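See structure below.
Protein chains: 2
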Amino acid sequence: MVDRQEIIHQLASPGTSKMVLLVLDGIGDLPVDGTPKGKTGFTPLMTANTTNLDTIARESELGQTIPVLTGITPGSGPGHLSLFGYDPLRYEIGRGILEALGIDVEVGEKDLVARGNFCTLEGDIVVDRRAGRPSTEENIEVCKIINSAIQMIEDVDVRVIPGKEHRFVLKLTGEGLDDHLSDADPQRTGIPYLLTKPLNDSSEKAARVINTFLKRLQVLLKDQPKLNFGLIRGFSRYPDIPNFNEVNHFRSACIATYPMYKGIAKLVGMDVLEGAGTIAEEFDLLERHYEAYDFFYVHIKKTDSYGEDGNFEAKASVVEEVDKEIPRLLALDPDVIAVTGDHSTPCVMKAHSWHPVPFMIRSQYCRKGVSTAFDETQSALGTLGTFPAVDVMTLIMAHAMRLDKYGA
Amino acid sequence: MVDRQEIIHQLASPGTSKMVLLVLDGIGDLPVDGTPKGKTGFTPLMTANTTNLDTIARESELGQTIPVLTGITPGSGPGHLSLFGYDPLRYEIGRGILEALGIDVEVGEKDLVARGNFCTLEGDIVVDRRAGRPSTEENIEVCKIINSAIQMIEDVDVRVIPGKEHRFVLKLTGEGLDDHLSDADPQRTGIPYLLTKPLNDSSEKAARVINTFLKRLQVLLKDQPKLNFGLIRGFSRYPDIPNFNEVNHFRSACIATYPMYKGIAKLVGMDVLEGAGTIAEEFDLLERHYEAYDFFYVHIKKTDSYGEDGNFEAKASVVEEVDKEIPRLLALDPDVIAVTGDHSTPCVMKAHSWHPVPFMIRSQYCRKGVSTAFDETQSALGTLGTFPAVDVMTLIMAHAMRLDKYGA
Numbered sequence: 264m265v266d267r268q269e270i271i272h273q274l275a276s277p278g279t280s281k282m283v284l285l286v287l288d289g290i291g292d293l294p295v296d297g298t299p300k301g302k303t304g305f306t307p308l309m310t311a312n313t314t315n316l317d318t319i320a321r322e323s324e325l326g327q328t329i330p331v332l333t334g335i336t337p338g339s340g341p342g343h344l345s346l347f348g349y350d351p352l353r354y355e356i357g358r359g360i361l362e363a364l365g366i367d368v369e370v371g372e373k374d375l376v377a378r379g380n381f382c383t384l385e386g387d388i389v390v391d392r393r394a395g396r397p398s399t400e401e402n403i404e405v406c407k408i409i410n411s412a413i414q415m416i417e418d419v420d421v422r423v424i425p426g427k428e429h430r431f432v433l434k435l436t437g438e439g440l441d442d443h444l445s446d447a448d449p450q451r452t453g454i455p456y457l458l459t460k461p462l463n464d465s466s467e468k469a470a471r472v473i474n475t476f477l478k479r480l481q482v483l484l485k486d487q488p489k490l491n492f493g494l495i496r497g498f499s500r501y502p503d504i505p506n507f508n509e510v511n512h513f514r515s516a517c518i519a520t521y522p523m524y525k526g527i528a529k530l531v532g533m534d535v536l537e538g539a540g541t542i543a544e545e546f547d548l549l550e551r552h553y554e555a556y557d558f559f560y561v562h563i564k565k566t567d568s569y570g571e572d573g574n575f576e577a578k579a580s581v582v583e584e585v586d587k588e589i590p591r592l593l594a595l596d597p598d599v600i601a602v603t604g605d606h607s608t609p610c611v612m613k614a615h616s617w618h619p620v621p622f623m624i625r626s627q628y629c630r631k632g633v634s635t636a637f638d639e640t641q642s643a644l645g646t647l648g649t650f651p652a653v654d655v656m657t658l659i660m661a662h663a664m665r666l667d668k669y670g671a
Numbered sequence: 264m265v266d267r268q269e270i271i272h273q274l275a276s277p278g279t280s281k282m283v284l285l286v287l288d289g290i291g292d293l294p295v296d297g298t299p300k301g302k303t304g305f306t307p308l309m310t311a312n313t314t315n316l317d318t319i320a321r322e323s324e325l326g327q328t329i330p331v332l333t334g335i336t337p338g339s340g341p342g343h344l345s346l347f348g349y350d351p352l353r354y355e356i357g358r359g360i361l362e363a364l365g366i367d368v369e370v371g372e373k374d375l376v377a378r379g380n381f382c383t384l385e386g387d388i389v390v391d392r393r394a395g396r397p398s399t400e401e402n403i404e405v406c407k408i409i410n411s412a413i414q415m416i417e418d419v420d421v422r423v424i425p426g427k428e429h430r431f432v433l434k435l436t437g438e439g440l441d442d443h444l445s446d447a448d449p450q451r452t453g454i455p456y457l458l459t460k461p462l463n464d465s466s467e468k469a470a471r472v473i474n475t476f477l478k479r480l481q482v483l484l485k486d487q488p489k490l491n492f493g494l495i496r497g498f499s500r501y502p503d504i505p506n507f508n509e510v511n512h513f514r515s516a517c518i519a520t521y522p523m524y525k526g527i528a529k530l531v532g533m534d535v536l537e538g539a540g541t542i543a544e545e546f547d548l549l550e551r552h553y554e555a556y557d558f559f560y561v562h563i564k565k566t567d568s569y570g571e572d573g574n575f576e577a578k579a580s581v582v583e584e585v586d587k588e589i590p591r592l593l594a595l596d597p598d599v600i601a602v603t604g605d606h607s608t609p610c611v612m613k614a615h616s617w618h619p620v621p622f623m624i625r626s627q628y629c630r631k632g633v634s635t636a637f638d639e640t641q642s643a644l645g646t647l648g649t650f651p652a653v654d655v656m657t658l659i660m661a662h663a664m665r666l667d668k669y670g671a
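Each protein sequence line maps, in turn, to chains A and B. Using my numbering, read the first sequence as starting at 264 and increasing by one per residue. Using my numbering, read the second sequence as starting at 264 and increasing by one per residue.
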């Protein structure tokens, strides 16, 4: 198998060129009838007034990307890994890690994390897998009780971090914690809770610690009315991913407003620039830190959020909000601008989908002149054709003149 | 992993059909403003008057190829291996081999070759890595001295072959010469010269012979004013590549004007037809030997050379020169005509690039009717889409009706 990171590491060299990868989360969509432009067959991207993105499109090569495999709908983890050049079928960010990143829990190399539900037990029987959907405040209270009572098991630090409603993250920190563990979750009610089982020899220690934790939890919470136990699944260690900066011989920064995306960026080795709550503030950060980095990953969340809500007009208006900031990006005049999404989130589906994702790249080395706007159709008919999202970084690095020739 | 050569070998069968693969080296380019046609956004291929190539395009399927990986700029070795159907990430032609082929040195299965620089030493210190850029005549003189003094070390034949200016090729012929060797080149001046080191057990003999050669070279040339030592790197053995004719069950011939391309063709097993110095003479050879072979690889060098020079008009005029000979190709009426390049060499970049390469294939089994000209844009928008160059041979063989069905 080709080791993409190894090849790029060998061919890449440092330089002064600047690259900006602007990710409009879930940007790809499906055409619907009766949009605000009064035409049928328009997507939010076609509907939005995108003068500035379209200006970029005229100077760009367009194409559409396949995040994982044709027909496969990616989660945020695989979608972003691809964009950063990591084969998402080879590298995986475990569900526990993603849950932790989503509530802004830092995950390091000695950590084993898992996602948990507070549940209600009667005896050993699970009677409610979500403990009656408690308020987040109730959740926080119970987590406090747990963290003051249970801090260390063997030589392992143990901590629970509250999420929303019934959700929490379990984080273990210590040596020799392997994540090959079965879920400690029976997945339905009316049957006894489950302990975890080690799935290989090296996960025995982790299993022992987790099961000790669960036993102590049952005793500790036995008088709580609803939240009296935890179901734990998706055990995952810090993933073994080649460092993004080392692979590409550059300094990279992430600009995002949501913890999960900052977390994924941090996992691969990017610096995370803090302080942005709005799209305009994200472009503030880009301007402020522009000199310090070679590569910027700028993440726009709300295109996906409104896609998941099925809110076509709101999704289009987020695109317009981004478009309004584009002159600030153009004023910086980066050597390479790439605009795309991590997957499609069609409003009519209210969910991520497998549809290819619009992509455009602008540099002085473009076969421009074919496309006039940035949207699904022009991307599908663009000069780059349909290609794996995992090729995006190589293409950006090539246009930034950062890759040597392969072979003589 | 799919063994492409194995699959094709199983499915291919001999036949009477004729195939011509016309390779315009570095043909892909970028659009520039103010071309001779007075339009903006034209490439040399769009600018050139190509009535005959466009006639083929109207009867062809067009597409664009990725030589190695998206964003990766190929050298001539990987570019051609792909076109001949060999995965360039699996099969590699070492730098020493390419250097040897480039100055018309034959390389056989028992040979170990490397590229060398004559340099100037003071004591053991390298003071000039290029020996003051000697004339090729000086180089030839010193090579004569070496070849008369050093002919055999242990049971290994030793020979140096002069290249241009300071460059030479070292060729060792014997049994058990492994090429896992470190470069005998400190890569900078002001520090002592280096011997080679064996990088595994089986390369010890080769290292011993090379280092004996270097020691004797230092003594032999100690009174030469400038060219008094050699730096040697890129040790490479004859690559282990399945034979092109055996894989495809056919007889193939190479028509080229430059040694390196003849050399690559010979490496994979093609017959090399000698005698052409011009493009017209290449078509003479094609006509003369047309009955004797099934498959012809015809290589046009100057499209790449002028691309590397940044000479847009000259590149366009080479395309026109080729176009003028196309009626002779059409008169032979081969079953399959494929026209493409081994990579792009945009004039504005004066170098090989990663951009996809225009491709067209004509046979009586084409989904023709979409494209009207052979250029970058029509190729990008062609019915074949964007595809790996390593698929070109399978496509040619299919259109030649040389491949059986896969599976029942």
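Where a beta carbon is used, it is the ideal one built from N, C-alpha and C, also for glycine. Predicted model only: the values in this text are computed from it and were never measured.
Listed along the chain, the chain B residues whose CB falls inside 7 angstroms of the CB of Y349 of chain A amount to none; the nearest CB is some 15 angstroms away.
DSSP places I659 of chain A outside any beta strand (DSSP E); the residue lies instead in the alpha helix (DSSP H), whose first and last residues are V655 to H662. Using a CB distance cut-off of 8 angstroms, R358 of chain B counts as an interface residue toward chain A.
Chain B places no beta carbon closer than 8 angstroms to that of R393 of chain A, leaving this residue out of the contacts.
The three-state secondary structure of E324 of chain B, taken from DSSP, is strand.
For G540 of chain B, the nearest beta carbon of chain A is not closer than 8 angstroms to its own beta carbon. Per DSSP, Y560 of chain B is not a residue of any alpha helix (DSSP H); the beta strand (DSSP E) it occupies stretches across F558 to I563. DSSP places R500 of chain A in the strand class (E or B) of the three-state scheme. With the criterion set as a beta carbon lying under 8 angstroms from some beta carbon of chain A, the members of the stretch 642-656 of chain B are A643, L644, G648 and T649, in sequence order. Contact annotation for I335 of chain B against chain A: I270, I271, L274, T657, A661, L666, K668 and Y669 [CB-CB distance below 9 angstroms, chain order]. Beta-bridge annotation (DSSP): L364 of chain A is not paired with any residue. Nearest CB-CB separation between H615 of chain B and chain A: below the 8 angstroms threshold. Taking the beta carbon of K281 of chain A as reference, no residue of chain B falls within 7 angstroms; the closest one sits roughly 17 angstroms away. The contact set of M612 of chain B on chain A, defined by CB atoms closer than 8 angstroms, consists of Y628 in chain order. By the Cβ-count criterion, A394 of chain B is buried, with 16 or more other Cβ atoms from all chains shown falling within 10 Å of its own Cβ. Per DSSP, reduced to three states, the secondary structure at V581 of chain B is helical. One thing to note: K468 of chain B has its Cβ within 8 angstroms of the Cβ of L440 of chain B. Chain A has a Cβ within less than 8 angstroms of the Cβ of S339 of chain B.
Take the alpha-carbon of T452 of chain A and the one of V389 of chain A: they are about 5 angstroms apart.
Under DSSP, no beta-bridge partner is assigned to G532 of chain B. Taking 9 angstroms as the cut-off between beta carbons, none of the residues of the stretch 500-517 of chain A comes near chain B.
Residues of chain A whose Cβ lies closer than 8 angstroms to the Cβ of H618 of chain B are, in chain order, Y628 and R630. Residue-level contact check: P294 of chain B touches chain A, since one or more beta carbons of chain A fall below 8 angstroms from its beta carbon.
Contact with chain A is found for E639 of chain B, since one of that chain's Cβ atoms lies less than 8 angstroms from the residue's Cβ. A377 of chain A carries a strand assignment under DSSP once its states are collapsed to helix, strand and coil.
Fewer than three pairs of CB atoms, one per stretch, sit closer than 8 angstroms, so the stretch 645-662 of chain A makes no contact with the stretch 554-571 of chain B.
Classified as buried, K668 of chain A has 16 or more neighbouring CB atoms from the shown chains inside 10 Å of its CB. Per DSSP, the beta-bridge partners of Y669 of chain A are B:P337. Taking 8 angstroms as the upper bound for CB-CB distance, T657 of chain A and I271 of chain A are in contact here, some 6 angstroms apart. Taking 8 angstroms as the threshold, the shortest C-beta distance from L361 of chain B to chain A falls below it. Measuring C-alpha to C-alpha distances from S445 of chain A to each of A:E509, A:E550, A:K460 and A:L647 identifies A:K460 as the nearest. Counting of Cβ neighbours within 10 angstroms places S345 of chain A among the buried residues, the total reaching 16 or more. The beta carbon of E324 of chain B sits no closer than 8 angstroms to any beta carbon of chain A. For G304 of chain B, the chain A residues whose C-beta falls within less than 8 angstroms of its own C-beta are K631 and G632, listed in chain order. In terms of beta-carbon proximity, L444 of chain B stays away from the interface with chain A, with every pair separated by 8 angstroms or more. Short of 6 angstroms from the beta carbon of T566 of chain B, and not among the five residues preceding or following it, lie these beta carbons of its own chain, in chain order: L287, D288, G289, I290, K578 and V581.
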